Each structure stands twice: as C-alpha cells, then as structure tokens.
Amino acid sequence: MTKNVVTCECAQVAIELDGKPFISTECHCNSCREAAIRLEQLPLARPMLERNAGTQFVLYRKDRIQFLRGQDLLEAFRLGPKAPTRRVISRCCNSPIFLEFQSGHWLSLYSSLWPEETRPKPQLRTMTGDRTDKVAFDDGLPAGTLQTWRFYANLLGAWIAMGFKSPKIRIGEEAERDKTTR
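With the working numbering applied, the sequence shown corresponds to residues 5 to 186, in that order.
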C-alpha cells in the first residue's frame, strides 16, 4: 500500500497515512463554520474555510493512521462541553489537524495538511442546507442538504472493513501518559 505523510505547519506533528482515503468531502454545517471562525482567531498557519465557506476534509479509517511524532502536542477544541465532536489542532503552530466524531471509526483530517498540488479533491459536499447564502455551486460536485447516501455508504464500508472497531485516538497529555507507561 502507498504511504503518505502529512505534517503541521512547523512539522513537529507528523502523521503517516496508509493507502488512500475512503472519501474526501467539503462540509458546510453550522458547527464547522463556527469552529473555523473561532479557531481562525488563533494565529493559524493554515486556513480552514474555503472561499465558499466550506471546510474540506480527507477521511481515513483510524486503523490506517499512525502518528510518527507530536501526538503529545495535539490539543482538543470543542464548541461546547457536550459537543459530540472534537477538533484537534497542534499546540506548536495552531495548525488544524483533524475532526473526530465521538465513537467514530474514522478521522476527518483537514485537507490543508496536504500541499495544494497533492491535496485530495472533494468528492462531495455535505450539510449544504445549513448555508445561509444559498448561492449555487457551479462545479458539479454532488451536494446534499444533509449528509448524502454516498457519504454514509463510504462510512459504513470503512467500518465493516475495520471489523466494526473504533480505535481511540489519544492526544496531548493522554498520549504523553501512554509513552511513559510503556
């Protein structure tokens, strides 16, 4: 299988990706937009929102991701204490790294981790019903007002391939504790 490495802006966080993503998406939900606006107040090295206010993600099964370094430099950001998702940034340079759904079997890596020339192109858009501008997209990319059937089919296929497992991704102090107990 092909291996690919993505890093934060300063390269202190590095992630090895095994194979190809199972899908690339552009999300237009309210929470992705709100998170991007709030996180962009930090001195981010990489942008989060596209010109059309979508957030692009490259989705990988958790069992196809390995942290090469910097897992202890990752920090969670949640929109609220009961939010089922955590967005993760690097403390070293505030690069957006991934979004993780509670109990999810995949990670939604921010596409800005890839150099623009090798960045996987989105295959579909989700949650376009949350958009307030209602400007039509002109690129022919499939778009659903909610998540599309193709999105769910890809998630299910990845979960089946993983044997219905959902590995835990430890970050920050959790990851540091894991290193010292080995």
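Even for Gly, the Cβ is constructed at its ideal location relative to N, Cα and C.
Since we're looking at a predicted model, the values are computed, not measured.
- Listed in chain order, the non-local C-beta contacts of Asn34 below 7 Å within the same chain comprise Asp134, local neighbours out to five positions each way being set aside.
- Distance between Pro171 and Thr89, taken at the CA atoms: about 15 Å.
- Here Cys36 has Thr59 as same chain residues with Cβ atoms under 6 Å from its own Cβ, once five neighbours each way along the sequence are excluded.
- When only Cα atoms are considered, Trp118 and Thr11 end up about 8 Å apart.
- Non-local C-beta neighbours of Asn158 in its own chain, meaning closer than 7 Å and more than five positions away in sequence, comprise Phe26 and Ile27, ordered along the chain.
- If you draw a straight line from the Cα of Glu120 to the Cα of Glu177, it comes to about 31 Å.
- The alpha-carbon of Thr122 is positioned some 32 Å away from that of Ala87.
- Here the C-alpha atom of Ala57 lies approximately 32 Å from the C-alpha atom of Met166.
- Phe168 is classed as exposed because its beta carbon has fewer than 16 other beta carbons within 10 Å across all chains shown.
- His109 and Ile19 have their C-alpha atoms spaced approximately 17 Å apart.
- Between Val17 and Ile69, the CB-CB gap reaches or exceeds 8 Å.
- Secondary structure of Thr130 (DSSP, three-state): strand.
- Judged by DSSP in its simplified three-state form, Cys31 adopts strand.
- With respect to the 8 Å criterion, Leu111 and Tyr156 are not classified as neighbours on the basis of their beta carbons.
- Around the beta carbon of Ile164, fewer than 16 other beta carbons sit within 10 angstroms, so the residue counts as exposed.
- Nearest to Leu72 by alpha-carbon distance, out of Asn8, Lys125 and Gly161, is Asn8.
- Bounds of the beta strand (DSSP E) holding Leu72 are Ile69 to Arg73.
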